[in-house]
Amino acid sequence: MNSDRYHNQAEKLEEKKRMDDIRRKERWAENMQKKNSEFLDQLSLTTNSSSSDISNGIIHNEWELDEERMLQLVLEESMKTKSEEDERRQKLEKNQPWKERRSDDEALDWAPHNPEWKEYTEYIASQQSYRKQLMEEERRLQNLKGENCRKKLEEEEKRQEMEKTE
26 MNSDRYHNQA EKLEEKKRMD DIRRKERWAE NMQKKNSEFL DQLSLTTNSS SSDISNGIIH
86 NEWELDEERM LQLVLEESMK TKSEEDERRQ KLEKNQPWKE RRSDDEALDW APHNPEWKEY
146 TEYIASQQSY RKQLMEEERR LQNLKGENCR KKLEEEEKRQ EMEKTE
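Under our numbering, the first residue of the sequence shown carries the number 26, and numbering increases by one thereafter.
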């Protein structure tokens, strides 16, 4: 009797899972259809085509451009981006005079005359002093670790000697 009851409950659960799965798939299909129709409506606004034409694969462009005109547009765009890239590169080089530097001595010679050089050399000096401080701190920590290890070893040796004497 109990096995029949469990069997019926299991069948009901399986049926419920199957129905939930069907409902989930139906909701998904409805959502996809809604999104598709919204996309087609948006596309019909940007072109001179109706939604039904678009869904059938017929799209009418606002302009019909011949091949030469398309090539001309592509060429103009590439020239525009190239000139923008050149301008950006020149601006970067202008704002980074230290890239022109030949040697540290030359940089120091020029520093009093150019505030950017002065800022750069001060920055480099501060970085060098910071690195030096870090190295000193690292050495100090290594020494402390070494001292702590030595103390621990000495304590361990003393403890072992005490055990031997006992």
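Each residue gets a CB set at the ideal place from its N, CA and C atoms; glycine is no exception.
Rounded to the nearest angstrom, what separates K41 and E63 at their Cα positions?
33 Å
Can you tell me which of the three DSSP states E191 falls into?
coil
Taking the alpha-carbon positions, what's the K183 to K177 distance?
10 Å
R113 versus K107 - alpha carbon distance:
10 Å
Rounded to whole angstroms, what is the Cα-Cα separation between Q153 and M160?
11 Å
At the level of alpha carbons, what is the spacing between K116 and Q97?
29 Å
From R30 to M44, what does the alpha carbon distance come to, in whole angstroms?
21 Å
Quick check on T190: buried or exposed, where buried means 16 or more other Cβ atoms within 10 Å of its Cβ?
exposed
Separation of I149 from Q167, as counted between CA atoms
27 Å
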